[in-house]
Amino acid sequence: MKINVVAVGNIKQKYFVEAIKEYEKRISRYAKLNIIEVKEFGDNEKTLLQEEQGILKNLKGKVILLDLEGDDISSTELADLFENSLVSGDSEITFVIGGSRGVSKNVKDAIPNKIRFGKVTYPHQLMRVILLEQIYRALSINAGSDYHK
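Per the working numbering, the very first residue in the sequence shown carries number 5; after that it's consecutive.
Rendered as structure tokens:
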């Protein structure tokens with residue numbers, strides 16, 4: 005399975021970078037992971053349209069947007085999503101994480117699958133770490149590992 009994470013902005017904080025590297029290493033046991041960073045343009049309305057181009061050109065396979073309006077998903081449901089995707093022939097999944105202002109309406113409209121990990125708002129840098137941990141957890145559930153207890 006190939007998993008892409010399209011994320012707006014790059015990570016500068018050392019503690020996030022270290023956590024991301026750790027989960028990249030763990031995920032590599034189960035899947036090929038590709039993180040694509042889309043340039044973040046700033047903090048105004050025009051920036052969403054500029055970021056939109058970078059997001060849309062990187063959508064491949066089954067695409068899932070992390071969005072506050074998305075469906076709540078548990079770790080076991082994410083594991084099922086991976087398993088069902090493989091069974092249905094979708095060997096590539098792309099997750100999209102917007103920047104500090106989210107994503108444009110065009111991006112939301114282009115991606116019918118939307119999930120969230122609860123109702124709280126996280127900084128987009130931390131959301132990348134949370135997503136990678138959940139990907140690892142889901143893959144380890146499917147592999148029968150005891151990581152998920």
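Note that beta-carbon positions come from the ideal geometry of N, C-alpha and C, so glycine has one too.
Since this is a predicted model, take the numbers as computed values, not measurements.
Under a three-way DSSP split, which group does Val124 fall into? In the three-state scheme derived from DSSP, where H, G and I count as helix and E and B as strand, Val124 is classed as coil.
Cβ pair Tyr27, Leu136 closer than 8 Å: Contact: yes.
Whole-angstrom distance between Val133 and Phe20, CA atom to CA atom: Put simply, the backbone Cα of Phe20 is about 7 Å away from that of Val133.
From the DSSP output, in three-state form, read off Asp75 for me. Strand, per DSSP.
If I follow the unbroken alpha helix (DSSP H) through Lys109, where does it start and stop? Its alpha helix (DSSP H) spans residues Lys109 to Ala114.
Quick one, are the C-beta atoms of Glu82 and Ala142 less than 8 Å apart? It is worth fixing the name first, because residue 82 is Leu in this sequence and not Glu. Contact annotation: Leu82 and Ala142 have beta-carbon atoms nearer than 8 Å.
Determine, using beta carbons only, whether Asn38 and Ile68 come nearer to each other than 8 Å. Judged by their CB atoms, Asn38 and Ile68 are not nearer to each other than the 8 Å cut-off.
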